[in-house]
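There are 2 protein chains.
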Amino acid sequence: MMETLPISFTLAEFRKVTPLDESNIWSFLLDRNADRISVKRRGPALENLEKIFVATFRLANSVGFRAMTLRDLCQETGLSMGGLYGYIESKDQLAAMIEDAVRQTSEQMRTWFTHLKSPIDEVECLLRAFIFSSEILQPWLFFVYLESRTLAAEQRKVAKESELRFHSHIAALLEATGGFSEAQAFLLAAHCMACVQDWYVKRWKYHAEKISVDDFAESAVKLIRSYAEPQRR
Amino acid sequence: MMETLPISFTLAEFRKVTPLDESNIWSFLLDRNADRISVKRRGPALENLEKIFVATFRLANSVGFRAMTLRDLCQETGLSMGGLYGYIESKDQLAAMIEDAVRQTSEQMRTWFTHLKSPIDEVECLLRAFIFSSEILQPWLFFVYLESRTLAAEQRKVAKESELRFHSHIAALLEATGGFSEAQAFLLAAHCMACVQDWYVKRWKYHAEKISVDDFAESAVKLIRSYAEPQRR
DNA sequence: GTCTATAGCATGATAGAC
DNA sequence: GTCTATCATGCTATAGAC
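First to last, the sequence lines map onto chains X and B.
With the working numbering applied, the first sequence covers 1 to 233.
With the working numbering applied, the second sequence covers 1 to 233.
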């Protein structure tokens, strides 16, 4: 699907080809955790899953996941403690489900633009895809970014490795442009990651200034491209 | 003091002129909160303060501040619950003391390089000072970055304003170089902030690759300078 | 100035009614 | 499939001994 996109695609163009978005993610979640969810009727299950995760994002954001209580979660969702446990196995597994969903999308993303011939074009596409995915799934990525350190050691490790794989992929592409040593490419890739992650980490800052995600992506891509291809300026 | 620094100073040079570092911060903390700390003998008080805050950073990092218990804190510091309350008024005030210390240093930083004539030189100096300060006071800045959202509304607001003031200062300087519109300068300043904050947020990534803080600062500064001054490349 | 002991309440999880 | 009621544990904060 990604082959149909231009190099400098917009959010609207990206939306048409991305496999996961705000509305179909609940089905994805239900199917992936079907064995642990005891509720069988699909319609109400999807509605309650949405309530549970939206409330989790809100509560974890205001007090942190480990300090959020299941009683607060019940109050926000309208479920009882017993009802809630039909959807989750434990509080820790609730976080694990989020982390798993995010890792799935980020792992897929690395393969989306491997058909491109130019390394710097692939970098641009990956940065745009990262920014637009984080626009669509902001609460999910935000949760993992801020909470993975407080989760079980195993999940923490997996989250770090996932970030590092994406980082290394960008670094390898930058090195392939021929303009950078391995160490320079690693650092420049780190700057790329920091810039694009800022879109979902500091969302309040960009919203207050009414900056659109397309303008943000344009600015980040231009900064990196002008450094990797100085002759074009 | 900052007037004696060259434009592209190193960590070693910055250390000689910075007012606050790892060892004198405990005195600063004790004096600033003297009215709330009931312990009077200065020597033991400084030792216990160091134990309390170092343990707080470690525990908050592994479970989050709101989920960290004062019992864990007592076990790590060797103090009893009663003893601990000689140094803090409440758990919330412990976080407020950290937030206050960090805000002090960040507010001072904005005035350090106003004597420079060239806006882009001032940007370089501010970015280096920010990175080197965060190297020296990493656990403090890391705590505020990750925990301010979970603190009281008042503190959350103050932390955001502090970030925004620094951001706006950089943006104004970039606009003063003459190469950017207000909106472009805002976005480029945001990229600056994200890159330099990454040094203390993703420290594990840089340490694993054995990247020195001087190399990191050089890379970040070069990226921004090459964009703001394309003719020099 | 630091300790032990405890008050008063909230927590994650489960059992069993319907 | 969802509820209410309850368990055992752990929490912040304080009182009072030394």
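Glycine is no exception: its CB is placed at the ideal position from the N, C-alpha and C atoms.
Inset, instruction - Could you tell me whether any Cβ in chain X is nearer than 7 angstroms to the Cβ of B/R232? - result: For B/R232, the pLDDT reaches just 46, beneath the cut-off of 50, and the residue's location in the model is therefore unreliable, leaving the point undetermined.
Inset, instruction - Take the Cβ of B/Y200 as the centre, count every other Cβ of all protein chains shown within 10 Å, and call the residue buried at 16 or more, exposed below. - result: When all chains shown are included, B/Y200 counts as buried.
Inset, instruction - Answer with buried or exposed for B/R232, where buried requires no fewer than 16 other C-beta atoms within 10 angstroms of its C-beta. - result: At B/R232, the pLDDT of 46 sits below 50, so the modelled position is not reliable and the matter cannot be decided from this model.
Legend entry - C-beta contact flag for X/T150 and X/R71 at 7 angstroms: In this structure, the beta-carbon distance from X/T150 to X/R71 does not fall below 7 angstroms.
Legend entry - 7 angstroms Cβ cutoff, B/G64 in contact with chain X: The beta-carbon of B/G64 is placed less than 7 angstroms from the nearest beta-carbon of chain X.
Legend entry - Inter-stretch contact (C-beta, 8 angstroms, three-pair minimum) for the region 175-195 of chain B and the region 194-209 of chain X: Enough Cβ pairs lie closer than 8 angstroms, so yes.
Legend entry - Contacts that X/L146 makes with chain B (C-beta to C-beta distance below 7 angstroms): Result: L146.
Legend entry - Beta-carbon proximity list for X/S162, same chain, < 6 angstroms, skipping 5 on both sides: Same-chain partners within the cutoff: R103, S106.
Inset, instruction - Please list the partners that B/A189 has in chain X, where partner means a Cβ-to-Cβ separation under 9 angstroms. - result: Chain X residues near B/A189: none, gap ~10 angstroms exceeds 9 angstroms.
Inset, instruction - Tell whether a beta-carbon distance below 7 angstroms holds between B/T77 and B/I52. - result: A distance below 7 angstroms separates the beta carbons of B/T77 and B/I52.
Inset, instruction - Can you tell me which of the three DSSP states B/F142 falls into? - result: Taken through DSSP and simplified to helix, strand or coil, B/F142 comes out as helix.
Legend entry - Range of the contiguous alpha helix (DSSP H) that encloses X/V213: Segment 213-228, the alpha helix (DSSP H) holding X/V213.
Inset, instruction - Flag B/L126 as yes if its beta-carbon sits less than 7 angstroms from any beta-carbon of chain X, otherwise no. - result: No, its Cβ sits nowhere closer than 7 angstroms to a Cβ of chain X.
Legend entry - B/G82, DSSP secondary structure in three states: In this structure, B/G82 counts as helix in the three-state DSSP scheme.
Legend entry - Cross-chain neighbours of B/F216 in chain X, by beta carbon under 9 angstroms: Within chain X, the residues near B/F216 are L187, A190.
Inset, instruction - Would you verify that the beta carbon of X/Y200 is, or is not, closer than 7 angstroms to some beta carbon of chain B? - result: No, no contact with chain B.
Inset, instruction - Would you check if the distance between the CB atom of B/D214 and the CB atom of B/L11 is smaller than 7 angstroms? - result: Yes, the Cβ-Cβ distance between B/D214 and B/L11 is below 7 angstroms.
Legend entry - Limits of the alpha helix (DSSP H) - the one that X/M109 falls within: DSSP places X/M109 inside the alpha helix (DSSP H), whose first and last residues are 91-109.
Legend entry - Proximal residues of chain X, C-beta to C-beta of B/N61 below 8 angstroms: Those within 8 angstroms of B/N61 in chain X are R149.
Inset, instruction - Determine the DSSP secondary structure at B/V39, reduced to helix, strand or coil. - result: Coil, per DSSP.
Legend entry - B/L30 versus B/Y85: straight-line alpha-carbon distance, rounded: Going from the Cα of B/L30 to the Cα of B/Y85 covers about 15 angstroms.
Inset, instruction - Step through the CB atoms of chain B and report whether any lies within less than 7 angstroms of the CB of X/S300. - result: The question about residue 300 of chain X has no answer here: the residues shown for chain X are numbered 1 through 233.
Legend entry - Closer than 7 angstroms to chain B by CB, X/L174: It does not: the Cβ of X/L174 has no partner Cβ on chain B nearer than 7 angstroms.
Inset, instruction - Quick one: measure Cβ to Cβ for B/S148 and B/E99, integer angstroms, because I've assumed they're closer than 8 angstroms. - result: Between B/E99 and B/S148 the Cβ distance is about 7 angstroms, and since that is below 8 angstroms, they are a contact.
Inset, instruction - Using a Cβ cut-off of 7 angstroms (strictly closer), state whether B/S226 contacts chain X. - result: The beta carbon of B/S226 sits closer than 7 angstroms to some beta carbon of chain X.
Inset, instruction - Classify B/F180 as helix, strand or coil using the three-state DSSP reduction. - result: Note: B/F180 maps to coil in three-state DSSP.
Legend entry - N- and C-terminal bounds of the alpha helix (DSSP H) containing B/K210: No alpha helix (DSSP H) holds B/K210; DSSP gives it neither H nor E.
Legend entry - Segment limits, alpha helix (DSSP H) that includes B/I7: No alpha helix (DSSP H) contains B/I7, which DSSP labels as neither H nor E.
Inset, instruction - Measuring only between beta-carbons, confirm whether X/L94 sits less than 7 angstroms from chain B. - result: Interface criterion not met: the Cβ of X/L94 is under 7 angstroms from no Cβ in chain B.
Legend entry - Status (buried if at least 16 other CB within 10 Å, exposed otherwise) for B/D198: Per the 10 Å Cβ criterion, buried.
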